[in-house]
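Notes to accompany the following structure.
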Amino acid sequence: MIREIARKEFRDLTRDGRFRLSAGIVGSLLLVASLAGFTAWREQAAQRDAAQDSMQALWFGQPAKNPHSAAHYGLWAFKPQLPLSFVDRGVDPYVGTASWLEAHRQNEFRFRPAMDATAAQRFGDWTAAAVLQHLVPLLIIVLAFGAFAGERERGTLRQLASLGVPTRTLMTGKALGVAAALALLLVPVAVVGSALVLSAMGADGLLRLGAMALVYLAYFAVALGATLVVSATARTARAALVVLLALWAVNGIVAPRLAADLARMAHPTPTARGFAAEVQQALANGIDGHSPAGARAKALEDSLRKAYNVATVEALPFNFNGFAMQRGEEHANEVFDHYFDRLWSRYAAQDRSQLVGAVASPLIAVRFLSMGIAGTDVAQHNAFASSAEAYRRVLNKRMNDDIAEHAKAGEAFSYQADESLWRSLEPFRYEAPGLGSVWRTHALSAVVLGLWLVGIVVLTRRSTALAVH
Amino acid sequence: MATISPLLSAEGLTKRYGDTLALDALDLAIAPGEVYCLLGANGAGKSTTINCFLDFVRPDGGVARIGGQVVAQHPLETKKRLAYIPETVMLYGNLSGLENLEYFATLATGARPATEELVAHLITAGLRDEQIHQRVAGYSKGMRQKVGIAIALAKRADVLLLDEPTSGLDPKASNEFHRLLGLLRARGAAVLMATHDLFRAKESGTRIGIMKAGRKVAELRADEIGHADLEQLYLTHMHD
Numbered sequence: 001m002i003r004e005i006a007r008k009e010f011r012d013l014t015r016d017g018r019f020r021l022s023a024g025i026v027g028s029l030l031l032v033a034s035l036a037g038f039t040a041w042r043e044q045a046a047q048r049d050a051a052q053d054s055m056q057a058l059w060f061g062q063p064a065k066n067p068h069s070a071a072h073y074g075l076w077a078f079k080p081q082l083p084l085s086f087v088d089r090g091v092d093p094y095v096g097t098a099s100w101l102e103a104h105r106q107n108e109f110r111f112r113p114a115m116d117a118t119a120a121q122r123f124g125d126w127t128a129a130a131v132l133q134h135l136v137p138l139l140i141i142v143l144a145f146g147a148f149a150g151e152r153e154r155g156t157l158r159q160l161a162s163l164g165v166p167t168r169t170l171m172t173g174k175a176l177g178v179a180a181a182l183a184l185l186l187v188p189v190a191v192v193g194s195a196l197v198l199s200a201m202g203a204d205g206l207l208r209l210g211a212m213a214l215v216y217l218a219y220f221a222v223a224l225g226a227t228l229v230v231s232a233t234a235r236t237a238r239a240a241l242v243v244l245l246a247l248w249a250v251n252g253i254v255a256p257r258l259a260a261d262l263a264r265m266a267h268p269t270p271t272a273r274g275f276a277a278e279v280q281q282a283l284a285n286g287i288d289g290h291s292p293a294g295a296r297a298k299a300l301e302d303s304l305r306k307a308y309n310v311a312t313v314e315a316l317p318f319n320f321n322g323f324a325m326q327r328g329e330e331h332a333n334e335v336f337d338h339y340f341d342r343l344w345s346r347y348a349a350q351d352r353s354q355l356v357g358a359v360a361s362p363l364i365a366v367r368f369l370s371m372g373i374a375g376t377d378v379a380q381h382n383a384f385a386s387s388a389e390a391y392r393r394v395l396n397k398r399m400n401d402d403i404a405e406h407a408k409a410g411e412a413f414s415y416q417a418d419e420s421l422w423r424s425l426e427p428f429r430y431e432a433p434g435l436g437s438v439w440r441t442h443a444l445s446a447v448v449l450g451l452w453l454v455g456i457v458v459l460t461r462r463s464t465a466l467a468v469h
Numbered sequence: 470m471a472t473i474s475p476l477l478s479a480e481g482l483t484k485r486y487g488d489t490l491a492l493d494a495l496d497l498a499i500a501p502g503e504v505y506c507l508l509g510a511n512g513a514g515k516s517t518t519i520n521c522f523l524d525f526v527r528p529d530g531g532v533a534r535i536g537g538q539v540v541a542q543h544p545l546e547t548k549k550r551l552a553y554i555p556e557t558v559m560l561y562g563n564l565s566g567l568e569n570l571e572y573f574a575t576l577a578t579g580a581r582p583a584t585e586e587l588v589a590h591l592i593t594a595g596l597r598d599e600q601i602h603q604r605v606a607g608y609s610k611g612m613r614q615k616v617g618i619a620i621a622l623a624k625r626a627d628v629l630l631l632d633e634p635t636s637g638l639d640p641k642a643s644n645e646f647h648r649l650l651g652l653l654r655a656r657g658a659a660v661l662m663a664t665h666d667l668f669r670a671k672e673s674g675t676r677i678g679i680m681k682a683g684r685k686v687a688e689l690r691a692d693e694i695g696h697a698d699l700e701q702l703y704l705t706h707m708h709d
């Protein structure tokens, strides 16, 4: 009986010109967004590899020079993007994907497409994720808002009720019918997507794609269930549509916006200028604000002279300037760790409190999961930034140590090292965190989405659409 | 009548809407093969009675039974054996008569009946061959009623609840409808029909009940009374 109901619902939908038009539009958008996103990803990946290679060649190809000067020359680290980032670009356009690793400074990331974009691009930049997150739920609403309310209006619901059909059976049948119509649109796209990901990433990519598919399927199920429940409750199809469009706006626009703003208010982050000033201040005067750089240098000198029992630092068995520079780096690193940790933990706290908004908007949870699986969330940005920073510190230490060991006293900045020093540094490698780490970061989001699914299923099971009294 | 147990019965059926009593302790018993016609002005409680048997309305007092089962306690089971035909049978306009019947019959019986069987029901109900495959959007009221009858046939319903089924039908269509009613009755169905048509009540009914303000004010056998007397009786009750 469920099959018969699903079959009729499917037939009704697919015969309807409005379905063909709207599903055609959404399907084409999804396909175009995927193909364009994938092409862009492939080009960027190639450019990034080329840039990373030439960067490495430049580093190795440095002529004989002072190691500290080489540290200032520095090199760029480019964040590799998983192929799935073509589906969901996540925070990458906002936080950037490249960092310059140089002496003395932990730099912020550069190349943020959002910096060059106009405000309108926020709406025009349709990734596959935007279509999946906003347009598919809208399509579900358009397809199913009349499922019960329309029949109630036309009087056929009364006829159905007189047959002795349980509401649950009707609900399940209708849900399956709409789902089958949606599958007409989504299955081809999923097949194309799988082929793209498989070509670029192999089996691990498919695992991620599967996880992503599960997340979006759960999301669509929530949208479909909610649509059917509203339709089953509303007196008229028009009323159902109005309520559903309002819910759509709350889910997609109002709640995420509000949650983000409230999270920012609850866990304020400094402005870029303010943050830089704070860091600068701490570099000069110490994190406690009471140990100015001059005093620190003096203290270091004194302690070294005492420890080695020498009158001047020139008499130390190593180059004092090289040693002091490394000490300076280490102090700066402490400062960076302190301030960046604080900044990042604020961002993490913002993300966590945003999830509170998922009470009104399952999309908030879906977005975190989607970005996480695509490798474009804040956590994976931070993982890359930490890895790049660690490499920067190794690089600086190698350069400073070389000066300390090999430069004669007073020749710290005229001493020259050759290519063998540059080559002693392993090229920068970054291994993106696996799916397990994504799951650990976003377990709460997954739980929230799961709760939504369970809640909606319970609501559909309890619906009394056919009880006319 | 007492010898055959009734298929449809109401015992002290009462329904209140705010301060008004829509049904006031109504008793009814309708045996297989009976056509019971409920007469009465609009608002007398005829539709409420039918809706109680459908579980579309929950009574405040008393019980409605179908085949001995209390409707409010077994809403799905009791519906398995009844067919409901309102003034306008509501069907899916974008499906043909046959597709509509197929859908409703499948949902009612839980299995898809053979197409030939469904076609036979539609023919029995009086639809012509070429009409069967037309979309219902173009159907007249009378043609919709015929699909309703075909649903009853496909469902093998032995209880028929008819709510002013012939209002707005032309005399020929009305006549045809009552011919079908005779057919179902002959198959042993118990029929409860709310109607304003005194002539048809006398012609097709076996018993007639007159309702006023939720109460049954008169009940008689259709063959005991002439057309003129029935009208007189009805008007007398409506006046006081």
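Residue numbers (the working numbering), protein chains in the order written: chain A, 1 to 469; chain B, 470 to 709.
The beta-carbon is built from N, C-alpha and C at its ideal position, and this holds for glycine as well.
- The beta carbon of V335 (chain A) sits closer than 7 Å to the beta carbons of V279, A282, L283 and I287 from its chain, once the five residues preceding and following it are set aside; these are given in chain order.
- For M1 (chain A), the neighbours in chain B by C-beta distance under 7 Å run, in chain order, T575, L576 and G579.
- Inter-residue distance for Q62 (chain A) and Y73 (chain A) is about 9 Å (C-alpha atoms, whole angstroms).
- If you draw a straight line from the Cα of G410 (chain A) to the Cα of S69 (chain A), it comes to about 16 Å.
- For the C-beta of L523 (chain B), the chain A residues within less than 9 Å are, from N- to C-terminus, R158, A161, S162 and V468.
- Of the residues assessed, H696 (chain B) falls on the exposed side of the cut-off, its CB having fewer than 16 other CB atoms within 10 angstroms.
- A175 (chain A) carries a helical assignment under DSSP once its states are collapsed to helix, strand and coil.
- DSSP, reduced to helix, strand and coil, places I140 (chain A) within a helical segment of the structure shown.
- Within the region 479–492 of chain B, no residue places its CB atom closer than 8 Å to a CB of chain A.
- A distance below 8 Å separates the beta carbons of G678 (chain B) and L507 (chain B).
- The residues L476, G657 and A659, in chain order, have a CB closer than 6 Å to that of P501 (chain B) in the same chain once the five nearest residues on each side in sequence are set aside.
- Within chain B, the C-beta atoms nearer than 9 Å to that of D12 (chain A) come from Y561, N563 and L564, in chain order.
- Cβ proximity to chain A below 9 Å picks out L523, D524, F525, V526, R527, P544, L545, E546, T547, K548 and K549 from the region 523–549 of chain B.
- Excluding its 5 nearest sequence neighbours in each direction, S565 (chain B) has C-beta neighbours in its own chain below 8 Å: I601, H602, Q603, R604 and V605, listed in chain order.
- Closer than 8 Å to the CB of Y608 (chain B) there is not a single CB belonging to chain A.
- DSSP places S99 (chain A) in the strand class (E or B) of the three-state scheme.
- A distance below 6 Å between beta-carbons, with the five flanking residues on each side excluded, links L139 (chain A) to the following residues of its chain, in chain order: S22 and V26.
- Buried is the label assigned to F525 (chain B), since at least 16 other Cβ atoms lie within 10 Å of its Cβ.
- In this structure T236 (chain A) is not in contact with E151 (chain A), their Cβ atoms being roughly 11 Å apart against a cut-off of 8 Å.
- In this structure, the CA atom of T269 (chain A) is about 41 Å from the CA atom of V192 (chain A).
- Scanning chain B for C-beta atoms nearer than 8 Å to the C-beta of E4 (chain A) yields Y572, T575, L576 and R581, reported in chain order.
- Looking at A:V230, A:L198 and A:A259, the one whose alpha-carbon comes closest to that of L245 (chain A) is A:V230.
- S162 (chain A) is classed as buried because its beta carbon has at least 16 other beta carbons within 10 Å across all chains shown.
- Three or more beta-carbon pairs separated by less than 8 Å are not found between the region 514–522 of chain B and the region 128–145 of chain A, which leaves the two stretches without contact.
- Interface annotation, V165 (chain A): in contact with chain B, CB-CB separation under 8 Å.
- Using a Cβ-Cβ cut-off of 8 Å, G17 (chain A) is close to nothing in chain B; its nearest Cβ partner there is about 12 Å away.
- Of B:T705, B:K685, B:L704 and B:H706, the smallest CA-CA separation from Y505 (chain B) is found for B:K685.
- For G37 (chain A), there are no neighbours in chain B by C-beta distance under 7 Å, as the nearest C-beta there is about 38 Å away.
- Under the DSSP assignment, M662 (chain B) falls in the beta strand (DSSP E) whose first and last residues are A659 to A663.
- Three or more Cβ pairs closer than 8 Å define a contact, and the region 291–307 of chain A falls short of that threshold against the region 245–262 of chain A.
- For Y553 (chain B), the residues of chain A that pass the 7 Å Cβ criterion are S162, in the order they occur in the chain.
- Going by C-alpha positions, M325 (chain A) is about 18 Å away from L421 (chain A).
- The DSSP assignment places 628–632 as complete runs of the beta strand (DSSP E) inside the region 569–642 of chain B, in order along the chain (cut-off: 3 residues).
- The beta carbons of M662 (chain B) and T156 (chain A) sit about 22 Å from each other, so the pair does not count as a contact at 8 Å.
- Relative to the Cα of N382 (chain A), the nearest Cα in the group A:A404, A:S345 and A:S85 belongs to A:S345.
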